[in-house]
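Residue numbers (this note's numbering): 118 to 344.
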């Protein structure tokens, strides 16, 4: 995989060598230029959304992915080989030995690519009802909400982002119960985590994360050295 030297975030600096990240924030002045990067099918889908927020998030996500793949594959963003899988996830057409993940929320989006299973998630920190705590966390994971350096809301949003990013790396997203992913280790100071996915074969994942105001950015990837 081609190397992009201008790694643009503290998370990206901590990713393995085969993984890269692209983050895009909303800029109304760029809308027409961004729209020109989309495929005909993507423009049709964009125009079909009746809610402005959804149109903005879709555009940002596709632009982040196209710009990232362009840098990796050495092509123009409009020519980045992307397709939608039956699951609804965006994949790299033709494979190229790459896995792709997109996440968006509000006015920004992030895309991650790697030569291994990878998942990215942007998660907003906000109060969540107790029922979501029960949905996300096994009883043994509840102490994770008592991080000394984090509020309960921030800790929960981080746990959510860690699990959702891992489920994306597994290719299933939240169609699979988040309780099938266990947060085995969480180091809030080093901003790293280790997760174990169960259900069929057990798989181990590592995650790097950073906080940006009211947002968590998490990238999870299959553990192991690819060198």
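Ideal Cβ positions, reconstructed from N, Cα and C, are used throughout, including at glycine.
| said: Quick check on the DSSP output: what are the complete beta strand (DSSP E) runs of length 3 or more inside the segment 199-253, in order along the chain? | reply: 199-201, 207-209, 216-222, 225-231 and 235-241
| message | Can you check which of these residues, 293, 270, 223 and 272, is closest to residue 281 by C-alpha distance? | response | Against the chain shown, residue 281 aligns to sequence position 164. The shortest C-alpha separation from residue 281 is found at 293.
| query | What is the rounded straight-line gap between the Cα of residue 275 and the Cα of residue 157? | reply | Walking along the chain shown from the start, residue 275 turns up at place 158. Walking along the chain shown from the start, residue 157 turns up at place 40. So the alpha carbons of these two residues sit roughly 36 Å apart.
| request: Would you grab the beta carbon distance between residue 199 and residue 182 for me? Rounded to a whole angstrom, and I think it's under 8 Å. | output: The residue given as residue 199 occupies position 82 in the chain shown. The residue given as residue 182 occupies position 65 in the chain shown. Contact flag correct, Cβ pair sits at about 6 Å.
| request: Compute the minimum distance between the beta carbon of residue 336 and the heavy atoms of the ligand PLP, and state whether it is under 7 Å. | output: The ligand PLP is absent from the structure shown, which contains no ligands of any kind.
| request: For residue 324, write down the residues that DSSP places opposite it in a beta bridge. | output: By one-based count along the chain shown, residue 324 stands at place 207. Answer by DSSP bridge pairing, in chain order: 310 and 337.
| Taking the alpha-carbon positions, what's the residue 349 to residue 149 distance? | With the chain covering only 118 through 344, there is no way to say anything about residue 349.
| message | Does the contact criterion of 3 or more C-beta pairs under 8 Å hold for the segment 227-244 versus the segment 324-343? | response | yes
| field | Distance between beta carbons of residue 143 and residue 173, contact taken as under 8 Å | value | Counting from 1 along the chain shown, the entry for residue 173 is found at position 56. Counting from 1 along the chain shown, the entry for residue 143 is found at position 26. So it is a contact: roughly 6 Å between Cβ atoms.
| query | Does the separation of the CB atoms of residue 129 and residue 137 fall below 8 Å? | reply | Counted from its first residue, the chain shown places residue 129 at position 12. Counted from its first residue, the chain shown places residue 137 at position 20. The answer is yes: Cβ separation under 8 Å.
| Going by alpha carbons, who is nearest to residue 196 out of 188, 203 and 202? | Walking along the chain shown from the start, residue 196 turns up at place 79. The option with the nearest alpha carbon to residue 196 is 188.
| query | From residue 286 to residue 327, what does the alpha carbon distance come to, in whole angstroms? | reply | In the chain shown, counting from the first residue as 1, residue 286 sits at position 169. In the chain shown, counting from the first residue as 1, residue 327 sits at position 210. Whole-angstrom Cα-Cα distance: 18 Å.
| Among 284, 215 and 222, the one whose alpha carbon lies nearest that of residue 169 | Residue numbering aside, residue 169 sits at position 52 when the chain shown is read from its first letter. Nearest of 284, 215 and 222 to residue 169, Cα basis: 222.
| said: Just verifying my parser: in three-state terms, what is the DSSP assignment at residue 292? | reply: To locate residue 292, count along the chain shown from 1; it is residue 175. Correct three-state label for residue 292: helix.
| field | Beta-carbon proximity check, residue 316 vs residue 204, cutoff 8 Å | value | As a position in the chain shown, residue 316 is number 199, starting the count at 1. As a position in the chain shown, residue 204 is number 87, starting the count at 1. No; because the gap between Cβ atoms is not below 8 Å, this pair is not in contact.
| Spatially closest choice to residue 338 from 312, 193 and 180, by CA coordinates | As a first step, residue 338 must be located in the chain shown, where it is residue number 221. Of the listed residues, the one whose Cα sits closest to residue 338 is 312.
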